[in-house]
Structures are given as C-alpha cells and as structure tokens.
Amino acid sequence: MLSVVVLSWNTQALTLACLRALYAETPRHAREVIVVDNGSHDGSADAIAAAYPQVRLERNADNRLYAAGNNQGAVLASGEFLCTLNSDTEVRPGALDRLVDFLRENPAYGACAPKLVDPDGSVQHACQRFPTLLTALCFDTWWGTWWPGSRIQARYLMRDFDHKTSCDVDQPPGAVFLMRTAEWRQFGGLDEQLSLFYNDVDLSKRLWQKGRRIRYLADVEVMHHRGASTKNFARMLVLWHRNRLAYYGKHYGAFGRAWIKLCVRLRIWEELRKIQRRHPNDPAAQQAERDYLQKASAELWSQ
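When you line the sequence shown up against this note's numbering, it's residues 112 to 414, in that order.
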C-alpha cells in the first residue's frame, strides 16, 4: 500500500533512528522502505544494511542532492501511495497509516502532510504560502523589516496560523510528504533543476495549479530534527539562490529571473555595506568576505 523513500546523506545516527521508528510499529497498511544513500562518507550505507537488511538500499557514489535522490527512490516504489520522508524524522506510531487513510478517503486531495514537532514537543511552524515577487524583495532588502514589507513577510510565513489545527495549505513542510504514486509519476516527481531547495514548493504549486488540494493534518505528528543534512552542506547559500532563481524563472518567466537577480544584487550590496561593522578590526576578514560576496554575485548573475 505504501512506499516510504528515505534519502540519507551523512546522517548515520539520525537515519538509523528514522528507520527504528518506522519498524517499531506494525502498520495497518503494508509498506516498503527504500533508502537512497547519497554518497555518504560516514558509513551510513553499511550501517543501514547491517541493521535493517529488509530495507531496499540504493547506494550512490556521490551526492545527487535532494530532488534527484528522491526521484531515484520513487522510481523503485511499488506501493499505491508514496511518502518522501527526511532522514532526520521519527514517525509516531500510526502517523503514516493516518496520512494514507486521509488520501484514500479524500480523492479531491493530491497530497497531505503531518504536523512536525521538535524533540521537546514544540510545534514547528513550517507551512508557508507560495512566494511572490514581493516576497523576494522583502527577503533580500531592508524593506522586509518595515511595514508593509513586514506584513508581506508575515503572510508568506503564515505567522497568522498556529499549526495546531488542520487546514488546506499552499506548501506544507517537505520533511514528510505523501502522494499517490501514480500521481507523483504523472507530475514528474521533483524538478531536478531545483536540486536542493524549492523543489517541494514547486511540486506543491504544480498540484494546486491542476486543482489538487493539499492538506496539513495537525492531529498526525512526526518528530523532526531540523536541517540535519543541509547544515553542513558547502556552498549552501549560493545553491539556495540558484534554486530560487530557477523556481522564479519557471513560474514567472524571464521577468521572474531578472527580478531575482536584481533582488540578490541588492542583498549583496547591503551585505557589503555591513562588512566593516562585522569585522571592524580585521581587514583580512573584511577582504575575504568581500571577495566571497563578489564571487557569489558574479556566479549568480551569470546564470
């Protein structure tokens, strides 16, 4: 009934905890677990194979990043439903069964996602509305700190929603995302141009554009360690901006790409102005940061 795809990259302890939670229960809906190891160098793949031989394990020689890795796992899925599950999550008993139940009982919905909580039980406020052109301007400039820019930011981040009630949302957090497998394939899965960021936003937007609603289920809970894989990823900021550029180009055309380039240029100018305040007595640090920002600006501008 359910195929669970777990993407792992240098998170051995967390991935093993994720699998331990999956196998700690006897699910009502039969499931298979597919783990794609994205070229980990911390022994993750061998540890997974030893502890959970029943897992279908795919070993990549290098890090294919989030979109390609999940798509690779989804190709192997044989279940009616598909769940992409981050390796830094631990599902509560019955959580995935209840997500499957929701989609089985609600054919108008294309996807659903649970409430995420921190290890201490605090609710993570991770749902968002789709980003707009003004969202980018607010994020990259001082305008986002003042009204009306601050109101635009608050709306985008759904600060008006306490995440304690179920409702339809534009984009739920992508850490746990459940769809029908046939529909995932019909939509082409995750766009690999959006290799690490914005791919879940894009898939959610494409679902909504086809009239497929997405439900956030507050009564279904999954524990989530935030950002365990991305926090150590080199050049993350440049890749984030590059993926954002691709997303805006896809959904807003040439003007969207030009707009994002302008917003990034404004952000870098602002950061350059702050360098001396950040390193008042360290000219070498000032120059190193200035060189990095200028190089990043040139790289992004050439995309």
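For glycine and all other residues, C-beta sits at the position ideal for the given N, C-alpha and C.
Cα-Cα separation between residue i and residue j, rounded to whole angstroms
{"i": "M347", "j": "K406", "result": "14 Å"}
{"i": "R389", "j": "Y403", "result": "15 Å"}
{"i": "R300", "j": "L314", "result": "It is Gly, not Arg, that sits at residue 300 in the sequence shown. Near 7 Å, if we compare the C-alpha coordinates of L314 and G300."}
{"i": "P242", "j": "L176", "result": "22 Å"}
{"i": "D281", "j": "Y267", "result": "10 Å"}
{"i": "D148", "j": "N171", "result": "6 Å"}
{"i": "C238", "j": "R209", "result": "19 Å"}
{"i": "R240", "j": "W319", "result": "12 Å"}
{"i": "G367", "j": "A135", "result": "46 Å"}
{"i": "C129", "j": "M269", "result": "28 Å"}
{"i": "K60", "j": "M290", "result": "Within the shown structure, residues of the chain are numbered from 112 to 414, placing residue 60 beyond reach of any answer."}
{"i": "K385", "j": "R167", "result": "49 Å"}
{"i": "R337", "j": "A265", "result": "21 Å"}
{"i": "A141", "j": "H236", "result": "31 Å"}
{"i": "V312", "j": "V211", "result": "21 Å"}
Enclosing alpha helix (DSSP H) for residue i [first to last residue]
{"i": "V312", "result": "310-320"}
{"i": "E136", "result": "Note, E136: premise wrong, no alpha helix (DSSP H); not H, not E."}
{"i": "V186", "result": "176-186"}
{"i": "V166", "result": "Neither: V166 is in no alpha helix (DSSP H) and is coded neither H nor E."}
{"i": "D208", "result": "206-216"}
Residue i Cβ short of 7 Å to the ligand HEM heavy atom set
{"i": "G367", "result": "As far as ligands go, the structure on display features none, and thus does not contain the ligand HEM."}
Same chain only: Cβ atoms within 7 Å of residue i, ignoring 5 sequence neighbours per side
{"i": "I371", "result": "A247, R355, L356, Y359"}
{"i": "S189", "result": "S114, E143"}
Spatial neighbours of residue i in its chain, beta-carbon cut-off 6 Å, leaving aside the 5 residues before and after
{"i": "Q165", "result": "none"}
For residue i, the first and last residue of its enclosing beta strand (DSSP E)
{"i": "L307", "result": "That residue, L307, is in no beta strand (DSSP E); it is neither H nor E in DSSP."}
Beta-carbon contacts of residue i that lie in its chain and below 8 Å, excluding the five residues immediately before and after
{"i": "A345", "result": "Low local confidence applies: a pLDDT of 47 at A345 is under 50, so the model's placement there is unreliable, with the coordinate-based value given in what follows. Within the same chain, A345 has no close Cβ partners at all."}
{"i": "E169", "result": "I145, V146, V147, D148, Q183, G184, L187"}
{"i": "Y309", "result": "N354, R355, A357, Y358"}
{"i": "V445", "result": "Lying before the first or after the last residue shown, residue 445 is absent from the chain, which here runs from 112 to 414."}
Between the segment 308-327 and the segment 219-230, do at least 3 Cβ pairs fall closer than 8 Å? yes
Every unbroken alpha helix (DSSP H) inside the segment 339-390 [4 residues or more]: 347-389
Please give me, in chain order, every unbroken run of the alpha helix (DSSP H) with length at least 4 that falls completely inside the segment 231-293. 244-251, 260-267
Does the segment 254-273 come into contact with the segment 378-394, if we say contact requires no fewer than three beta-carbon pairs (one atom in each stretch) closer than 8 Å? no
If contact is defined by three or more beta carbon pairs under 8 Å, each pair taking one atom from either stretch, is the segment 279-295 in contact with the segment 184-200? yes
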